[in-house]
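S.K.:
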Amino acid sequence: MRNVARFRYAFIAAAVGGTIAMTGCTPTVHVEPAVNAADPDCAEVMISLPDKVAGHDKRETDSQATSAWGDPSKVVLRCGVPEPGPTTDRCVGVNGVDWVIEEGKENWTLTTYGRSPATEVLINPDEVASSTVLVDLSNAVSQVPQDEKCLNARDVELPEGD
């Protein structure tokens with residue numbers, strides 16, 4: 000009996016060790032999780048994400064409610080970020096999803112508007128087209144219901160003066 004127990008223990012230890020060794024070879028992308036990454040709506044977004052974005056394959060990440068595409072990463076997504084408030088940044092609607100686009104020097108941050116929790120996408124516009132990324136991700140992020148619309152300055156009616 001002792002030998003059987005030792006054999007089982009050795010077999011289980013080898014199997015677990017082999018699994019750890021195999022997963023250790025997989026390139027995992029480090030992404031900081033968003034504050035509300037544990038929101039149940041983020042789970043709906045995550046299971047709806049496409050395998051490819053802007054022609055790049057999906058990769059494993061090390062944080063809840065995150066994803067990345069490309070090697071090296073060309074598109075990085077985090078669900079559960081705080082919803083953006085009023086802003087002068089550009090706002091676009093793509094396939095029923097409103098996005099606020101914050102243009103940086105190198106990277107752009109694309110954040111859903113009117114959805115709680117919000118989803119944030121980081122891209123380098125010199126490497127991937129924001130329009131392609133937003134089309135590819137719109138179905139997944141639309142799993143979070145929209146309760147507000149993004150307005151541009153031309154959409155706002157100003158009160159008439161006296």
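In terms of numbering that gives the first Met the number 0, the sequence shown is residues 0 to 161. All C-beta atoms in this analysis are idealised placements derived from N, C-alpha and C, irrespective of residue type, glycine included.
1) For aspartate 88, which of helix, strand or coil comes out of DSSP?
2) Rounded to whole angstroms, what is the Cα-Cα separation between proline 144 and arginine 114?
3) I'd like to know whether the C-beta atoms of glutamate 72 and valine 28 end up nearer to each other than 8 Å.
4) With burial defined as no fewer than 16 other Cβ atoms inside 10 Å of the residue's Cβ, what is the status of glutamate 119: buried or exposed?
5) Using DSSP with H/G/I as helix, E/B as strand and the rest coil, what is alanine 4?
6) If valine 74 sits next to valine 52, beta carbons under 8 Å apart, how far is it from one beta carbon to the other, in whole angstroms?
M.R.: Short version:
1) Here aspartate 88 carries a coil assignment [DSSP, helix/strand/coil].
2) Distance between the alpha carbons of proline 144 and arginine 114 is about 6 Å.
3) Checking the sequence, you will find serine at residue 72 rather than glutamate. For serine 72 and valine 28, yes; Cβs fall inside 8 Å.
4) Buried, because 16 or more other Cβ atoms sit within 10 Å of the Cβ of glutamate 119.
5) Summary for alanine 4: the model assigns pLDDT 36, below 50, so the residue's position carries little reliability; its value from the coordinates is reported in the next sentence. Here alanine 4 carries a helix assignment [DSSP, helix/strand/coil].
6) Contact between valine 74 and valine 52 holds, since their C-beta atoms are separated by about 5 Å, short of 8 Å.
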